[in-house]
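Beneath this line is the structure, given in structure tokens, with notes to follow.
Chains as they are written, first to last, in my numbering: chain R, 7 to 200; chain X, 7 to 200.
Below, the structure is given as structure tokens:
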């Protein structure tokens, strides 16, 4: 199988590539993730995924790889993006907002096809419903420190599973890598996955 | 935290207990899983989970543990249970049936409370939708051997993720352990999870 450059510093995404038995190398794209253009969350996720691809191409000026993959995941509540929390108080505010209701997790996944010099970019939108939470449950969760570095102040693949009573869509997309959409994209672009 | 006897030989379920940082020991219950009574899938799952608890209690005749947990997962298509495949041909027939549509995954989870000598048993029913599959995709999947030992001839936590375009309910329940329901059950039974 042809090697793929994975434009991501996320260990979780590296693990997905290993699970899929794909040959890959890692290049962490240095992009500014601030939403200066105030795009809607769906457009922002796609824009960030594409910019990660572009950053890697720019870094590799002399040699265009055959394949580059990137992804970007955002949490959206009532149309607004919920980012990572700066401190415990901010994380608590976020969890209070998420408790007892559903929010959307938007993941854009992009595949650069070096032969055609084209980038395919697709979106998965999945819903996550949190159960109602008591304050002591939120404090217990904050003590686990899973909120650190996590958009929405929780990790779906961690202890937050105790609080999530339903999802609709793709679990893997919520965890940051929409496996089905990526597989379809590989197939549609003629990648020989066998 | 009080130790829990996990009445399950499933490595996946052992991993869930580790992720939840629960102190536990393993006792594999030897029960006959055949559906001789031809129960509806929901009742069968509950009956099997309870029988696993009873089998462990019977084995420990002199000493009743404080807590025992068991679970049972079934795949249901049009009201009928789809079991494990005996061979590759049977697995192929199952995957052809599942492709391009949704089926239900039913997991019963039981918790025996040794102080009250009572078993609490709860059910999660989640839907899994497979994308349409070409015969070569099914053959590719069969080559991975994930069908072996798996109800429904697939592993949601494995390469079958390439084919699953949507779930509704609990990913962990589909993988065999409904984390949220289990957490709720622990809380409702007064287990000190901290």
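Just so you know, even glycine gets a beta-carbon here, dropped at the ideal spot from N, CA and C. This structure is a prediction, so every number in the text was calculated from the model and none was measured.
Residue i (DSSP reduced to helix, strand or coil)
i: residue 180 of chain X; result: helix
i: residue 73 of chain R; result: strand
i: residue 126 of chain R; result: strand
i: residue 78 of chain X; result: strand
i: residue 190 of chain R; result: helix
i: residue 162 of chain R; result: coil
i: residue 53 of chain R; result: helix
i: residue 18 of chain X; result: helix
i: residue 90 of chain X; result: strand
i: residue 185 of chain R; result: helix
i: residue 137 of chain R; result: coil
i: residue 113 of chain X; result: strand
i: residue 83 of chain R; result: strand
i: residue 3 of chain X; result: Nothing can be reported for residue 3 of chain X: it is not among the residues displayed for chain X, which extend from 7 to 200.
i: residue 23 of chain X; result: helix
i: residue 195 of chain X; result: coil
i: residue 68 of chain R; result: coil
i: residue 59 of chain X; result: helix
i: residue 102 of chain R; result: helix
i: residue 174 of chain X; result: strand
i: residue 13 of chain X; result: coil
Cβ separation of residue i and residue j, assumed to be a contact under 8 Å, to the nearest whole Å
i: residue 97 of chain X; j: residue 159 of chain X; result: 4 Å
i: residue 156 of chain X; j: residue 76 of chain X; result: Not quite, the Cβ-Cβ distance comes to about 19 Å (not below 8 Å), so this is no contact.
i: residue 28 of chain R; j: residue 20 of chain R; result: Not confirmed; about 11 Å, so no contact.
i: residue 186 of chain X; j: residue 149 of chain R; result: At roughly 19 Å, the Cβ-Cβ gap does not stay under 8 Å, so residue 186 of chain X and residue 149 of chain R are not in contact.
i: residue 197 of chain X; j: residue 73 of chain X; result: 7 Å
i: residue 9 of chain R; j: residue 30 of chain R; result: 6 Å
i: residue 71 of chain R; j: residue 130 of chain R; result: Not quite, the Cβ-Cβ distance comes to about 24 Å (not below 8 Å), so this is no contact.
Interface residues of chain X facing residue i [CB-CB closer than 8 Å]
i: residue 26 of chain R; result: 165 and 168
i: residue 178 of chain R; result: 167
Short Cβ contact (9 Å threshold) for residue i with residue j
i: residue 165 of chain R; j: residue 25 of chain X; result: yes
i: residue 126 of chain X; j: residue 137 of chain X; result: no
i: residue 108 of chain R; j: residue 179 of chain R; result: no
i: residue 128 of chain R; j: residue 190 of chain R; result: yes
i: residue 51 of chain X; j: residue 112 of chain X; result: yes
i: residue 45 of chain X; j: residue 78 of chain X; result: no
i: residue 177 of chain X; j: residue 173 of chain R; result: yes
i: residue 101 of chain R; j: residue 153 of chain R; result: yes
i: residue 57 of chain X; j: residue 35 of chain X; result: yes
i: residue 143 of chain R; j: residue 169 of chain R; result: yes
i: residue 33 of chain R; j: residue 83 of chain R; result: no
i: residue 37 of chain R; j: residue 118 of chain R; result: no
i: residue 114 of chain R; j: residue 48 of chain R; result: yes
i: residue 139 of chain R; j: residue 106 of chain R; result: yes
Interface residues of chain C facing residue i [CB-CB closer than 9 Å]
i: residue 109 of chain R; result: Considering every chain present, this structure includes no chain C. Its protein chains are R and X.
Proximal chain R residues relative to residue i, where beta-carbon distance stays under 8 Å
i: residue 134 of chain X; result: Those within 8 Å of residue 134 of chain X in chain R number zero; the least Cβ separation is about 11 Å.
i: residue 159 of chain X; result: Ordered by position in chain R, no residue passes the 8 Å Cβ test against residue 159 of chain X, which lies about 18 Å from the chain.
i: residue 51 of chain X; result: What residue 51 of chain X touches in chain R: nothing, since even the nearest Cβ is about 19 Å away.
Within chain R, the residues that residue i reaches when beta carbons sit closer than 9 Å
i: residue 146 of chain X; result: 199 and 200
Under 9 Å from the C-beta of residue i: neighbouring residues of chain X
i: residue 172 of chain R; result: 132, 174, 175, 176 and 186
i: residue 77 of chain R; result: Within chain X, no residue comes near residue 77 of chain R; the closest Cβ sits about 15 Å away, beyond 9 Å.
Within chain X, partners of residue i - CB distance below 7 Å
i: residue 189 of chain R; result: 168
i: residue 86 of chain R; result: The contacting residues do not exist; residue 86 of chain R stays about 25 Å from chain X at best.
Contact set between residue i and chain R, taken where Cβ atoms lie within less than 7 Å
i: residue 114 of chain X; result: The contacting residues do not exist; residue 114 of chain X stays about 17 Å from chain R at best.
i: residue 105 of chain X; result: The contacting residues do not exist; residue 105 of chain X stays about 13 Å from chain R at best.
i: residue 97 of chain X; result: Residues of chain R passing the Cβ test: none, with the nearest at roughly 19 Å.
Any non-hydrogen atom of the ligand MG within 8 Å of residue i CB
i: residue 126 of chain R; result: Among the components of this structure there are no ligands whatsoever, and the ligand MG is therefore not found.
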